[in-house]
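End of the sequence shown sits at 187 in this note's numbering; the numbers just go up one at a time, nothing left out.
Even for Gly, the Cβ is constructed at its ideal location relative to N, Cα and C.
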Amino acid sequence: MILPPRLARFAQSLRRRWKSHLLTLGLLLAVLLGVQAWQTRDVPRGPAPELALVLVQPDGSQRSTTLAQWRADHPGQPVALHVWAVWCPICRTEEHSVTRLSADWPVLTIAMQSGQADAVARVLAQRQLPWVTAIDARGQIARQLGFKAVPAFVVVDAQGQLRAPTAGYTSEIGMRLRLWWARLF
Numbered sequence: 003m004i005l006p007p008r009l010a011r012f013a014q015s016l017r018r019r020w021k022s023h024l025l026t027l028g029l030l031l032a033v034l035l036g037v038q039a040w041q042t043r044d045v046p047r048g049p050a051p052e053l054a055l056v057l058v059q060p061d062g063s064q065r066s067t068t069l070a071q072w073r074a075d076h077p078g079q080p081v082a083l084h085v086w087a088v089w090c091p092i093c094r095t096e097e098h099s100v101t102r103l104s105a106d107w108p109v110l111t112i113a114m115q116s117g118q119a120d121a122v123a124r125v126l127a128q129r130q131l132p133w134v135t136a137i138d139a140r141g142q143i144a145r146q147l148g149f150k151a152v153p154a155f156v157v158v159d160a161q162g163q164l165r166a167p168t169a170g171y172t173s174e175i176g177m178r179l180r181l182w183w184a185r186l187f
């Protein structure tokens, strides 16, 4: 196959300097992992904290439960906790990913500093989000999970251990890979 001259020079340059490019990619990956580790430094390791929750169901009804009781509804599998806020623009970009994820995995969303249950239920209905959502009007649940900002994501594995926390935007594939990893190991 004959490449146009400009593309041929670029390909030749890549072949000559592949080690340099690989080093640059490695450094970028190290920086990204370091930032993520710093952002999730306060997430407790080990068992998930016992949390009292007020849940808003997709139909708008409310019920009180605990994280352990909610997890018991999904025995033997990892579950996802997604911390978000109605006022957060980055959370808005993740909404469709979380909705698609919740079709295949148990996902409990936590509405941090987003108002009382009725206000959050209205937003969920308005945005057509079929999520089970815990109300965290003052951010206490998020703090117990070690998160200070939204969006945030963490997996609770089948043994009740917190795993693979992320803060900031998390892609749908990143969420799925974290759940898959927790299921395997």
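Beta carbon of residue i nearer than 9 Å to that of residue j
{"i": "A113", "j": "V88", "result": "yes"}
{"i": "Q45", "j": "V156", "result": "The question names Gln, but residue 45 in the sequence shown is Val. Yes, the Cβ-Cβ distance between V45 and V156 is below 9 Å."}
{"i": "A123", "j": "V58", "result": "yes"}
{"i": "V109", "j": "L83", "result": "yes"}
{"i": "W133", "j": "P80", "result": "no"}
{"i": "T135", "j": "T172", "result": "no"}
{"i": "L147", "j": "V85", "result": "yes"}
{"i": "A139", "j": "Q115", "result": "yes"}
{"i": "Q64", "j": "A119", "result": "yes"}
{"i": "G48", "j": "Q142", "result": "no"}
Local Cβ density within 10 Å of residue i, reported as buried at 16 or more and exposed below that
{"i": "F149", "result": "buried"}
{"i": "W20", "result": "exposed"}
{"i": "E52", "result": "exposed"}
{"i": "A54", "result": "exposed"}
{"i": "V37", "result": "exposed"}
{"i": "P91", "result": "exposed"}
{"i": "I137", "result": "buried"}
{"i": "M3", "result": "exposed"}
{"i": "V152", "result": "buried"}
{"i": "R8", "result": "exposed"}
Near the ligand GTP: residue i beta-carbon under 8 Å from a heavy atom
{"i": "W133", "result": "Because no ligand of any kind appears in the structure shown, any question about the ligand GTP cannot be addressed here."}
Beta-bridge partners of residue i, as assigned by DSSP
{"i": "R65", "result": "L57"}
{"i": "Q163", "result": "P49"}
{"i": "D138", "result": "M114"}
{"i": "F155", "result": "H84, T168"}
Review point. Is the stretch 8-17 in contact with the stretch 126-143, if contact means three or more CB pairs nearer than 8 Å?
Key: no
Practice item. Could you tell me whether the stretch 95-106 touches the stretch 66-75, where touching means 3 or more Cβ pairs closer than 8 Å? Key: Contact between the stretch 95-106 and the stretch 66-75 is absent: fewer than three C-beta pairs spanning the two stretches fall below 8 Å.
Review point. Can you list the alpha helix (DSSP H) stretches of 4 or more residues lying completely in the stretch 80-126, in chain order?
Key: 91-106
Practice item. Check whether the stretch 36-43 touches the stretch 166-174, counting contact only when three or more Cβ pairs, one atom from each stretch, lie closer than 8 Å. Key: yes
Practice item. Run through the stretch 3-33 for me and flag every whole alpha helix (DSSP H) of 4 or more residues, listed as ranges in chain order. Key: 7-18
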